[in-house]
Amino acid sequence: MIHTKQLTKSFGENAVLKGIDLTVQQGEVLVIIGPSGSGKSTLLRCLNLLETPTSGDVVFEGTSLLAKETNIDKIRTKMGMVFQNFNLFPHLTVLENLTISPRHVKGEAVDVSQQNALKLLTKVGLENKAAAYPNSLSGGQKQRVAIARALAMEPDVLLFDEPTSALDPEMVGEVLDVMQTLAKEGMTMVVVTHEMGFAKEMADRVIFMADGIIQESGTPQALFENPQVKRTQEFLQKVL
Ligand code: ADP
Ligand code: MG
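Those letters in the sequence shown? Residues 1 to 240, by UniProt numbering.
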């Protein structure tokens, strides 16, 4: 579904990504771990061109995102993104947060988009919050709304950038539960996270990034129980 070819990204002198070859299969849950500042967010943002790669390419469903003729806005509708800080529209109700893009980007009829939104809110356990404003919600509820909002566009893949890092500990589980449900339904997911439990249980593959490259990748079992690269071993010793 996605592959990157020798993807690099520098900010001025700071070479953050130094040649990333990554493949995401349809239906796969790919978890990306690594120390803070290792370029995990930058990589995720390059996948939908929120950051422009310095060199290399990103190919999504057979289309090069960097080709001149590619309509990146159209591609982005197929790639949902969930951020650490939710990024909900504060002046819109929960329901409106879910319907605004389907209506204005996809041209969905109001009633269709609302019915869809209510189904998705039920799915994330928030059907009673349709009329609420984001400010009145807990962090865990906000993040579940953000996931429902991403789903409202019927994306082919969901990109999660540390979706539970801004949450109080007691709210992490409710968000991971929703993600687990999506994973089991076969949603293609790329998840940057520090939740090693989620990675162990839900990932088909885990990638360890550090120093601008993919140091090691493998099944959760292989990576966590038998890491081959010293850099991975050192990192896991600190976080496990
Ligand atoms: P991670 O998500 O793994 O913590 P990031 O991708 O956020 O890492 O950041 C990797 C490096 O890129 C850091 O050194 C960070 O300061 C730098 N960086 C990220 N975004 C920008 C930006 N927009 N401008 C300049 N430097 C950036
Ligand atoms: Mg980050």
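Note that the Cβ used here is the ideal one computed from N, Cα and C, for glycine as well.
- The beta-carbon distance between Val145 and Leu126, rounded to whole angstroms, is 6 Å. This is short enough to meet the 8 Å contact definition.
- In chain order, Ser138, Gly139 and Gly140 place their CB closer than 7 Å to the CB of Met171, counting only its own chain and leaving out the 5 sequence neighbours on each side.
- DSSP places Leu44 in the helix class (H, G or I) of the three-state scheme.
- A distance criterion of 7 Å places the beta-carbon of Val192 in contact range of the ligand MG, judged by its closest non-hydrogen atom.
- Judged by DSSP secondary structure, Asp21 falls within the beta strand (DSSP E) whose first and last residues are Asn14 to Val24.
- Less than 8 Å divides the Cβ of Glu162 from the Cβ of Val192.
- Closer than 7 Å to some heavy atom of the ligand MG: that does not describe the Cβ of Asp211.
- Within 10 angstroms of the beta-carbon of Phe11 lie fewer than 16 other beta-carbons, which makes it exposed.
- Between Thr23 and Arg149, the alpha-carbon positions lie close to 26 Å from each other.
- As for any alpha helix (DSSP H) of minimum length 4 sitting wholly inside the stretch 133-166, the runs are 139-152, ordered along the chain.
- In the three-state scheme derived from DSSP, where H, G and I count as helix and E and B as strand, Glu185 is classed as coil.
- In chain order, the residues with a C-beta atom nearer than 5 Å to some heavy atom of the ligand ADP are Phe11, Val16, Ser36, Gly37, Ser38, Gly39, Lys40, Ser41 and Thr42.
- Looking at the DSSP output, Ala210 shares a beta bridge with Ile213.
- Counting C-beta pairs closer than 8 Å gives three or more between the stretch 91-107 and the stretch 115-129, which meets the contact rule.
- For Lys200, the enclosing alpha helix (DSSP H) starts and ends at Met196 to Met202.
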